[in-house]
Amino acid sequence: MARATARHILVPTEEKCLELKAQIASGASFEDLAKQHSTCPSGKNGGALGEFGPGQMVKEFDTVVFNEAVGEVHGPVKTQFGYHLLEVTSRS
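Taking the UniProt record's numbering, the leading residue of the sequence shown gets 1, the next gets one more, and so forth.
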């Protein structure tokens, strides 16, 4: 079964998500921005979510984590919780 590790930044608006994505593209640290801006408790850990398998996260999350490139920042990804930036850190 596939396994992945990922980190994310959760914010309430698409605009904020796009703003943070632009900062990361300009060299800002994903982890630092997660600590400063994420509304998810994982933000305290730089957005790290640990290891998980398909079906353990919401569908929109799974679609990105198990289908998109590892090591790139993806998003905004809209879920019932808000807007996410996702970075898949590993997948096997």
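Even glycine gets a Cβ: it sits at the ideal position worked out from N, Cα and C. It should be emphasised that the depicted structure is a prediction, and the values quoted were computed from it without experimental measurement.
query: contact_flag[the stretch 40-60, the stretch 1-15] where n(CB pairs < 8 Å) is 3 or more; result: yes
query: 4 or more residues per run - each alpha helix (DSSP H) lying fully within the UniProt domain "PpiC" (1-90); result: 14-25, 30-37, 59-65
query: Three or more C-beta pairs below 8 Å linking the stretch 68-85 and the stretch 12-26; result: yes
query: Short Cβ contact (7 Å threshold) for residue 22 with residue 66; result: no
query: Cutoff 7 Å; reference residue 53; Cβ partners in own chain excluding five residues on either side; result: 1, 2, 3
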